[in-house]
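Student: Residue numbers (the working numbering), protein chains in the order written: chain A, 381 to 604; chain B, 381 to 604. The beta carbon of each residue, even a glycine, is placed where N, CA and C say it ideally should be. Every value quoted in this text rests on a predicted model; they were computed, and no experiment measured them.
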DNA sequence: GTCTATAGGGAGATAGAC
DNA sequence: GTCTATCTCCCTATAGAC
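1. Using a Cβ-Cβ cut-off of less than 8 Å, list which residues of the region 503–537 of chain B approach chain A; keep chain order.
2. So, does the CB of residue 416 of chain A fall closer than 8 Å to a CB anywhere in chain B?
3. For residue 554 of chain B, tell me which candidate among B:447, B:500, B:601, B:578 has the shortest Cα-Cα distance.
4. Among the residues of its own chain, which have a CB less than 6 Å from the CB of residue 599 of chain B, if the five just before and after it don't count?
5. Determine the contact status of residue 417 of chain A and residue 508 of chain A, defining contact as a CB-CB distance below 8 Å.
6. Below 8 Å, how does it come out for the region 454–464 of chain B and the region 491–499 of chain B: are there three or more Cβ pairs, yes or no?
7. Can you name the start and end residues of the alpha helix (DSSP H) that residue 466 of chain A belongs to?
8. Please list the partners that residue 570 of chain B has in chain A, where partner means a Cβ-to-Cβ separation under 8 Å.
9. Does the beta-carbon of residue 387 of chain A have 16 or more other beta-carbons within 10 angstroms, so that it is buried, or is it exposed?
10. On the three-pair Cβ rule with 8 Å, is the region 541–551 of chain A touching the region 535–551 of chain B?
11. Where does residue 553 of chain A fall in DSSP's three states?
12. State the start and end residues of the unbroken alpha helix (DSSP H) segment that holds residue 448 of chain B.
13. Give me the residue from A:538, A:531, A:565 with the minimum Cα distance to residue 352 of chain A.
14. Which partner residues of residue 403 of chain A appear in the DSSP bridge assignment?
15. Taking Cβ to Cβ, would you say residue 421 of chain B is nearer than 8 Å to residue 424 of chain A?
16. Kindly list the residues whose CB is nearer than 8 Å to the CB of residue 561 of chain A, restricted to its own chain and excluding five residues on each side of it in sequence; keep chain order.
17. If we count the other Cβ atoms within 10 Å of its Cβ and call it buried at 16 or more, is residue 340 of chain B buried or exposed?
18. How many angstroms separate the CA atom of residue 406 of chain A from the CA atom of residue 412 of chain A?
19. What's the C-alpha gap between residue 433 of chain A and residue 528 of chain A?
20. Just checking my contact of residue 571 of chain A with residue 517 of chain B at CB under 8 Å: how many whole Å lie between their CB atoms?
21. Following the continuous alpha helix (DSSP H) through residue 504 of chain A, name the residue where it begins and the one where it ends.
22. Exposed or buried, which one is residue 391 of chain A when buried takes at least 16 other CB atoms within 10 Å?
23. What is the C-beta distance between residue 437 of chain B and residue 531 of chain A, in whole angstroms, given that I count them as a contact (C-beta under 8 Å)?
24. Between residue 522 of chain B and the rest of its own chain, which residues show a CB-CB distance below 6 Å, the 5 nearest in sequence each way excluded?
25. Does residue 424 of chain A get closer than 8 Å to chain B when you measure Cβ to Cβ?
26. Mind checking the region 590–601 of chain B against chain A and listing, in chain order, the residues whose C-beta falls within less than 9 Å of any C-beta there?
27. Taking the CB atoms as reference points, tell me whether residue 444 of chain B and residue 430 of chain B lie closer together than 8 Å.
28. Using the beta-carbon of each residue, which ones in chain B are nearer than 7 Å to residue 427 of chain A?
29. In this structure, how does DSSP classify residue 548 of chain A when only helix, strand and coil are distinguished?
30. What residues from the region 539–564 of chain B come within 9 Å of chain A, judged by C-beta to C-beta, listed N to C?
31. According to DSSP, is residue 431 of chain B helix, strand or coil?
32. Taking only beta-carbon atoms, is residue 576 of chain B less than 8 Å away from chain A?
33. Report, in whole angstroms, the separation of the C-beta atoms of residue 594 of chain A and residue 566 of chain A, which I expect to be a contact under 8 Å.
34. Using the three-state DSSP reduction, which class does residue 497 of chain A fall into: helix, strand or coil?
35. Closer than 8 Å, CB to CB, is residue 573 of chain B near chain A or not?
36. Would you say residue 579 of chain B reaches chain A, if we count a Cβ-Cβ gap shorter than 8 Å as a contact?
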């Protein structure tokens, strides 16, 4: 699923930012966000009340309104930070060219998948993924994040990767748009299943194996 | 996506059934169900109140409790009927053998996709699909329906189809489980996108084209 | 099988003291 | 930036008349 392929990914401890892009430093404000992420990811946005959140944080309802104007602004702030985080999964354009010329397609795809799974396995990020999936059908912003920032952005990134590989003669010629779809859509579905299985703490061994088998199958079909 | 491949699918006007499998005949009870389906599909289960439903139906809140013991029972009844409907997408075992021997794999897959899309395009069913996707992360029953009745059942059905084709020498030998995953997972993801786009009434032309391109690509890879 | 009336509680949000 | 107190409204569900 495409990622900083250049090296081991250092742990990113970027602070949360608010809707004005200012870093969030107040411990209670951070605690409110992470508590909200935890609760929303289990019961959905409308299934969680301000009371639930503040009770867990250990403050009164009214105190929350010193940090966020409304429940919607709280969710919006969570989504804003998720967007930024997802963008950082893919390697920056300026490094891409040299990576594609040297690393084998197979290794590139496998390492991309590994990095992507690392993003999803982050304890906080996993919950936000769940919220995005969960709110997709109710919240236009969540829908936009999924369709554009995730599906759209990754597909177009992968299309450019395949196009470059074809130009370099590293894989068999084909429509790079179709290749991107064939490679990526199964992973989207499998990630959905993966996230879902983890809700109940069920085993994800089968689906993780499925992802690796998909990469192998796909690589065998595109290589000369 | 596999379906009654035998012929044009007659319009199924099977009545809804209640949790005791008894047909639902009361017009108001049917109206409650379809109103609930409509509202749940847009705002989610916990985003819709009994008041919203009964106001739309034109009865008082208390009257609803003559038909359903609780809001949960109402949702459970909707899901029960959905389960039955999904099972009927796939052709019965006894017809399968003769279909697989005569119909070309390409035609089988294309007609299966057409029939599946017909199921999703039914105005009521489309909304229930949306509810299932929407409630997956919150409701264990919705999760079970998606993972088992949809993903699991269709994958294992397709696995048996590919295994049979391989035994008949109609496609190249390969692991039928991997083939089923490679064929089906992209469609699951694309159907998710399709349903999502329709929430806002956006164009689904691209994703429908993507589905057809996937079938073509896949067929070209498995045929001798 | 519908209605009126109401119980009993939870929701989001605000005012104003400290 | 926290608190207490409160407003106003909505929630699911039930009792009992017709």
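Tutor: Taking the definition as stated:
1. 510, 513, 514, 516, 517, 518, 520, 523, 526, 527, 531
2. Taking the first residue of the first chain as position 1, residue 416 of chain A is located at position 36. It does not: the Cβ of residue 416 of chain A has no partner Cβ on chain B nearer than 8 Å.
3. Here residue 554 of chain B refers to the residue found at position 174 when the second chain is read from its first residue. Selected option, being the one with the closest Cα: B:601.
4. As a working mapping, residue 599 of chain B is identified with position 219 in the second chain. Cβ within range, chain order: 486.
5. Taking the first residue of the first chain as position 1, residue 417 of chain A is located at position 37. Taking the first residue of the first chain as position 1, residue 508 of chain A is located at position 128. Closer than 8 Å, so yes.
6. no
7. Your numbering for residue 466 of chain A matches position 86 in the first chain. Its alpha helix (DSSP H) spans residues 451–467.
8. Locating residue 570 of chain B in the second chain gives position 190, where the first residue counts as 1. The contacting residues are 565.
9. Start at 1 with the first residue of the first chain, and residue 387 of chain A comes out as number 7. Note that residue 387 of chain A scores a pLDDT of 40, beneath 50, so its modelled location is shaky; the value from the coordinates is reported in the next line. Exposed.
10. no
11. Against the first chain, residue 553 of chain A aligns to sequence position 173. In the structure shown, residue 553 of chain A sits in coil (DSSP, three-state: anything other than H, G, I, E or B).
12. Position 68 of the second chain, counted from the start, is the residue given in the question as residue 448 of chain B. No alpha helix (DSSP H) contains residue 448 of chain B, which DSSP labels as neither H nor E.
13. What the structure shows of chain A is the stretch from 381 to 604, and residue 352 of chain A is not part of that stretch, so it cannot be assessed.
14. Translated into the one-based positions of the first chain, residue 403 of chain A becomes position 23. In DSSP, residue 403 of chain A forms a bridge with A:397.
15. Indexing the second chain from 1 puts residue 421 of chain B at position 41. Indexing the first chain from 1 puts residue 424 of chain A at position 44. For residue 421 of chain B and residue 424 of chain A, no; Cβs fall outside 8 Å.
16. Reading the first chain from its first residue, position 181 is the one you call residue 561 of chain A. Excluding sequence neighbours, residue 561 of chain A sits near 535.
17. Any answer about residue 340 of chain B is impossible in this case: the structure gives chain B only from 381 up to 604.
18. The sequence position of residue 406 of chain A within the first chain is 26, counting from 1. The sequence position of residue 412 of chain A within the first chain is 32, counting from 1. Roughly 10 Å separates the two Cα atoms.
19. Numbered from 1 along the first chain, position 53 holds the residue referred to as residue 433 of chain A. Numbered from 1 along the first chain, position 148 holds the residue referred to as residue 528 of chain A. Spanning the two alpha carbons is a distance of roughly 30 Å.
20. Taking the first chain and counting its residues from 1, the one referred to as residue 571 of chain A is at position 191. Taking the second chain and counting its residues from 1, the one referred to as residue 517 of chain B is at position 137. Contact doesn't hold; Cβ gap of about 13 Å is too wide.
21. Numbered from its first residue, the first chain carries residue 504 of chain A at position 124. From DSSP, the alpha helix (DSSP H) with residue 504 of chain A extends over 503–515.
22. Here residue 391 of chain A corresponds to residue number 11 of the first chain, with the count starting at 1. Low confidence applies to residue 391 of chain A: its pLDDT is 49, below 50, so where it sits in the model is not reliable enough to give any reading.
23. If you number the second chain from 1, residue 437 of chain B lands on position 57. If you number the first chain from 1, residue 531 of chain A lands on position 151. Going by Cβ atoms, the distance from residue 437 of chain B to residue 531 of chain A rounds to 37 Å, so no, they are not a contact pair.
24. On the second chain, position 142 is the one that residue 522 of chain B refers to. If we look at residue 522 of chain B and ignore the five residues flanking it on each side, its Cβ neighbours are 512, 515, 516.
25. Position 44 of the first chain, counting from 1, holds the residue named residue 424 of chain A. Closer than 8 Å: yes.
26. 590, 593, 594, 596, 597, 598, 601
27. Stepping through the second chain from its first residue, residue 444 of chain B is reached at position 64. Stepping through the second chain from its first residue, residue 430 of chain B is reached at position 50. Going by C-beta atoms, residue 444 of chain B is nearer than 8 Å to residue 430 of chain B.
28. Counting from 1 along the first chain, the entry for residue 427 of chain A is found at position 47. Residues of chain B passing the Cβ test: 426, 518.
29. Here residue 548 of chain A corresponds to residue number 168 of the first chain, with the count starting at 1. Residue 548 of chain A falls in the coil class under three-state DSSP.
30. 554, 555, 557, 558, 559, 561, 562, 564
31. Taking the first residue of the second chain as position 1, residue 431 of chain B is located at position 51. Helix at residue 431 of chain B.
32. Residue 576 of chain B sits at position 196 when you count from the first residue of the second chain. Yes, residue 576 of chain B lies at the interface with chain A (some Cβ there is under 8 Å from its Cβ).
33. The residue you call residue 594 of chain A lines up with position 214 of the first chain. The residue you call residue 566 of chain A lines up with position 186 of the first chain. 5 Å between Cβ atoms; contact.
34. Stepping through the first chain from its first residue, residue 497 of chain A is reached at position 117. Helix at residue 497 of chain A.
35. In the second chain, residue 573 of chain B corresponds to position 193, counting from 1. Yes, because at least one Cβ of chain A sits closer than 8 Å to the Cβ of residue 573 of chain B.
36. By 1-based counting over the second chain, the position of residue 579 of chain B is 199. Yes, its Cβ sits closer than 8 Å to a Cβ of chain A.
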